[in-house]
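Asks: In UniProt numbering, the protein residues as written are 1 to 390. Even for Gly, the Cβ is constructed at its ideal location relative to N, Cα and C.
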Amino acid sequence: MDSFLDNLFGSLSGPRPNAAILGPPRKPLRCPNAAAAQFRIPGRVLVLRPIIDNNPTTNAPPMDSRSASHNNSYSSSSRPSANTTPSFADTPVNPAEQAKLEGNSHFANHRYPEAIKAYSVAIIRNPGNPVYYSNRALCHLRLEEWLHTVDDCERGLELVGGGSSPGTATNPGIVMKLWYYKGQALLAMEEKAEEEGRDGTGRLGEAINCLKKAFDLSIKEKSTYVEEISEKYRSAKSQRFERQDRKRREDVSDLHRYLVRLVERDRDRQVGQLGESSAALDGEGVKLEAAQRISEIEALFSQANENSKRRYVPDAFLGKISFEIMTDPVVSPPSGITYDRAEIVSHLQKIGKWDPLTRQPLHEAQLVPNLALKEVIDEFLSQNGWAFDY
């Protein structure tokens, strides 16, 4: 056996293998990036591994042949540290936000009932976040569930103090949406009732106020919803005016019928009081007098009907901020849009030096009077006095 080892390691200087294994060799083998050195000999591989104590404070036993062969391909430099944790564990998962993201996914795919369920879970997990109420209100709005929309908007507005609390400055867009969704729902309920010939909820004025607040916030925050909200706001104001005008025409018609019936009853009473001798002659005179009165009433109301047709104010006469008839129209040169002077000056002084619709820079000195439009509006108002109450 000794001769075999002498022949096997004859090219190596130093002691025999047992001395190399049990003690330090005469010429240490150095391998910069490995903890062991291998000698490849035909038919065999001899591994010389130094015993390394990774934990000097403990007396670990030397590795046996099985552990040495196992750890040959798993160096200490590749082992993960005990203090290392996966990156996803560093960020805690918010259950409410997770439910909201699920609701957003359903909403994007038009699965509104499923989105409502997900947002409801988010509200249960965090009932103090107005965003969840806003998202759920929009789902109810898409499903035409108006009362649920109004309820969610009111609960969300309670959380932000109706948009007047200091905390709402961090996210005024949510306040704008809550007012907008509520105004849309109230307006839709009134329109639906009118289509079905029913009395509305009597909240049309409230709908206009909600849309007005949403419109003001959209201008202040330079929101991309300005045009959309302004259209709803203008529609709500127009609907209120039409409803008032229709009631006025109905009242006029009722008055017309009442006066005619009153004249007819008076005629019949006078004829009944006539004596038999003069009944025929006097009766004809009473009837002619009554017919003349009725004819005068008809002529009076016929003339009134010419002025009581459906009243309409052209959109070009309305300001782009309050949607009331302009009294001093001026043009914004950067955009070419016409505003009422009082409204646009108030905007420039209180909100910012920019066009409220196009968000382009604008200063009061740039405003140009629109004299042609002012002349047309003045003529319209002179012929339609009712327009002052539009």
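Out of curiosity, what's the CA-to-CA distance linking SER214 and GLY336?
Replies: Here residue 214 is taken as the residue at index 214 of the sequence shown, counted from 1. Here residue 336 is taken as the residue at index 336 of the sequence shown, counted from 1. What sits at residue 214 in the sequence shown is Ala, not Ser. Each residue's alpha carbon lies about 24 Å from the other.
Asks: Measure the alpha-carbon distance for ILE351 versus GLU195 and round it to whole angstroms.
Replies: Here residue 351 corresponds to residue number 351 of the sequence shown, with the count starting at 1. Here residue 195 corresponds to residue number 195 of the sequence shown, with the count starting at 1. Cα to Cα, ILE351 sits roughly 40 Å from GLU195.
Asks: Please state if the CB of TYR133 and the CB of ARG155 are separated by a distance shorter than 8 Å.
Replies: For the purposes of this step, residue 155 is identified with residue 155 of the sequence shown, where counting begins at 1. For the purposes of this step, residue 133 is identified with residue 133 of the sequence shown, where counting begins at 1. Yes. Within cutoff.
Asks: Taking the C-alpha atoms as reference points, what is the distance between GLU324 and ARG243?
Replies: On the sequence shown, residue 324 is found 324 positions in, with the first residue counted as 1. On the sequence shown, residue 243 is found 243 positions in, with the first residue counted as 1. The alpha-carbon atoms of GLU324 and ARG243 are separated by roughly 17 Å.
Asks: Out of curiosity, what's the CA-to-CA distance linking residue 472 and ASN129?
Replies: The chain is shown only over 1 to 390; residue 472 falls outside these bounds and no answer can be derived.
Asks: Counting pairs of Cβ atoms below 8 Å between the segment 217-227 and the segment 287-295, do you hit three or more?
Replies: no
Asks: Between which two residues does the alpha helix (DSSP H) containing PRO130 stretch?
Replies: Your numbering for residue 130 matches position 130 in the sequence shown. Where PRO130 is concerned, the enclosing alpha helix (DSSP H) stretches over 130-142.
Asks: Less than 8 Å between the beta carbons of ASN370 and VAL331, yes or no?
Replies: Taking the first residue of the sequence shown as position 1, residue 370 is located at position 370. Taking the first residue of the sequence shown as position 1, residue 331 is located at position 331. Against a cut-off of 8 Å, the Cβ pair of VAL331 and ASN370 comes out as a contact.
Asks: Given 8 Å as the limit, is there contact between the segment 136-154 and the segment 107-125, that is, 3 or more CB pairs closer than that?
Replies: yes
Asks: Taking DSSP as the reference, what is the three-state secondary structure of LYS340?
Replies: For this step, residue 340 is matched to residue 340 along the sequence shown. Looking at the sequence itself, residue 340 is Asp, so the reference to Lys does not match. DSSP places ASP340 in the strand class (E or B) of the three-state scheme.
Asks: Looking at C-alpha atoms only, which residue of GLY319, LEU362, TYR180 is the closest neighbour of residue 405?
Replies: The shown model of the chain, from 1 to 390, leaves out residue 405, and the question about it has no answer.
Asks: When DSSP labels each residue in this structure, what does ALA325 get in the three-state scheme?
Replies: Within the sequence shown, numbered from 1, the residue matching residue 325 stands at position 325. The sequence given here places Ile at residue 325; Ala does not occur at that position. Three-state DSSP puts ILE325 in a strand.
Asks: Under three-state DSSP, which class holds SER335?
Replies: Your numbering for residue 335 matches position 335 in the sequence shown. Of the three classes helix, strand and coil, the one that applies to SER335 here is coil, per DSSP.
Asks: Have a look at ARG359 and ILE344 and give me their C-alpha separation to the nearest angstrom.
Replies: As a working mapping, residue 359 is identified with position 359 in the sequence shown. As a working mapping, residue 344 is identified with position 344 in the sequence shown. In a straight line, the C-alpha of ARG359 is about 13 Å away from that of ILE344.
Asks: Using CA atoms only, rank isn't needed, just tell me which of ASN209, ARG203, ALA372 is closest to ASP328.
Replies: Here residue 328 refers to the residue found at position 328 of the sequence shown. Its Cα nearest to that of ASP328, the residue ALA372 stands out among ASN209, ARG203, ALA372.
Asks: Buried or exposed for THR224, please, with buried defined as at least 16 other CB atoms from any protein chain shown within 10 angstroms of its CB.
Replies: Locating residue 224 in the sequence shown gives position 224, where the first residue counts as 1. Taking a 10 Å sphere around the C-beta of THR224, we find fewer than 16 other C-beta atoms and assign the residue as exposed.
Asks: Starting from GLU190, trace the alpha helix (DSSP H) both ways and give me its first and last residue.
Replies: Locating residue 190 in the sequence shown gives position 190, counting from the first residue. Element bounds for GLU190: 172-195.
Asks: If distances are taken between C-alpha atoms only, which option among SER238, GLN349, ASP268, HIS148 comes closest to ALA365?
Replies: The sequence position of residue 365 within the sequence shown is 365, counting from 1. When only C-alpha atoms are compared, the closest one is GLN349.
Asks: Using the three-state DSSP reduction, which class does residue 409 fall into: helix, strand or coil?
Replies: Only positions 1 to 390 of the chain appear in the structure, and residue 409 is not among them; the question remains open.
Asks: Would you report the Cα separation of SER230 and LEU211, rounded to the nearest angstrom?
Replies: Here the question's residue 230 lines up with position 230 in the sequence shown. Here the question's residue 211 lines up with position 211 in the sequence shown. If I take the Cα positions, the gap works out to 8 Å.
Asks: The alpha helix (DSSP H) spanning ASP199 covers which residue range?
Replies: By one-based count along the sequence shown, residue 199 stands at place 199. Taken as a continuous stretch (DSSP letters only), ASP199 belongs to no alpha helix (DSSP H), as it is neither H nor E.
Asks: By the DSSP assignment, the alpha helix (DSSP H) with GLN273 in it spans what residues?
Replies: Against the sequence shown, residue 273 aligns to sequence position 273. Unbroken run through GLN273: none, as it is neither H nor E.
Asks: Express the C-alpha separation of LEU101 and ASP315 in angstroms, rounding to a whole number.
Replies: Mapped onto the sequence shown, residue 315 falls at position 315. Mapped onto the sequence shown, residue 101 falls at position 101. If you take the alpha carbons of ASP315 and LEU101, they lie about 41 Å apart.
Asks: Just grab the DSSP bridge partners of LEU318 for me.
Replies: Along the sequence shown, read from residue 1 onward, the residue named residue 318 stands at position 318. Beta-bridge pairing links LEU318 to ILE325.
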